[in-house]
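Residue numbers (my numbering): 38 to 239. For each residue, glycine too, the CB sits at the ideal point set by N, CA and C. What follows is one structure encoded as structure tokens, with my remarks underneath.
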């Protein structure tokens, strides 16, 4: 009988510690998940007066990576997209690298149905590093940032100083582009089949 009593006492002492440890572990896990979770459909307006957006920057020099950012709430889609792209152009807060040339500025944003038309300064095209990979990362950092935060936008049309037929060294931007989230995968090279046509004569 004494042996049985000791076992019950030990279990009684251990159980509260197990419950506390499990509860603490669950809270830590929830906090970790919250800090890294990107909302599938971020809210344009939240009760707190802010909204969470996801921005696409460059990681490891060869892929896109997401960084969450808190911005002021807004109501009009074009203005919201412009504010989001301004945050993208301001650069990452963490250890990522910006995909866009340093002096690139945003001229305008307008919505045409399900397409966002984004006009950039000439520096975007002139100061881009050479190579198809750099061009892909720069272009899709914009396209994926818009598409991930605004599901009503299915395609993004990039223009440079109003030129709707801009062609970079390797990518043709004359047609609207759909997002390409495969660029988040670690890789030492650009996708085998680029979603844009090469520049003629290159």
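Asked, Found
"Expected contact under 8 Å - CB spacing of residue 148 and residue 115 to nearest Å", "5 Å"
"Where residue 148 falls: helix, strand or coil (DSSP)", "strand"
"Straight-line gap, residue 73 to residue 150 (C-alpha atoms, nearest Å)", "A caution first: residue 73 carries a pLDDT of 40, below 50, which makes its placement in the model unreliable, though a value can still be read off. Approximately 32 Å between the Cα atoms of the pair."
"Closest residue to residue 172 among 104, 118 and 220 (Cα-Cα distance)", "220"
"Proximity of residue 183 and residue 195 at Cβ, strictly below 8 Å", "no"
"Cross-strand partners of residue 107 (DSSP beta bridge)", "89"
"Given 8 Å, three or more beta-carbon pairs between the stretch 129-138 and the stretch 96-114", "yes"
"Terminal residues of the alpha helix (DSSP H) in which residue 121 lies", "114-127"
"Beta carbon of residue 91 nearer than 8 Å to that of residue 119", "no"
"Neighbourhood of residue 214 by C-beta distance below 8 Å, restricted to the same chain and skipping five residues each side", "176, 177, 180, 192, 193, 194, 195, 232 and 233"
"Reduced DSSP secondary structure (H/G/I, E/B, other) of residue 162", "helix"
"As assigned by DSSP and simplified to three states, the class of residue 135", "coil"
"DSSP-derived helix/strand/coil call for residue 60", "helix"
"Assumed close pair residue 142, residue 158 - CB separation to whole angstroms, cut-off 8 Å", "4 Å"
"For residue 89 and residue 107, the rounded distance between their alpha carbons", "5 Å"
"Inter-residue spacing [alpha-carbon to alpha-carbon] between residue 109 and residue 102", "22 Å"
"Residues bridged to residue 176 (per DSSP)", "Bridge partners of residue 176: none, in fact."
"Same chain only: Cβ atoms within 6 Å of residue 185, ignoring 5 sequence neighbours per side", "91"
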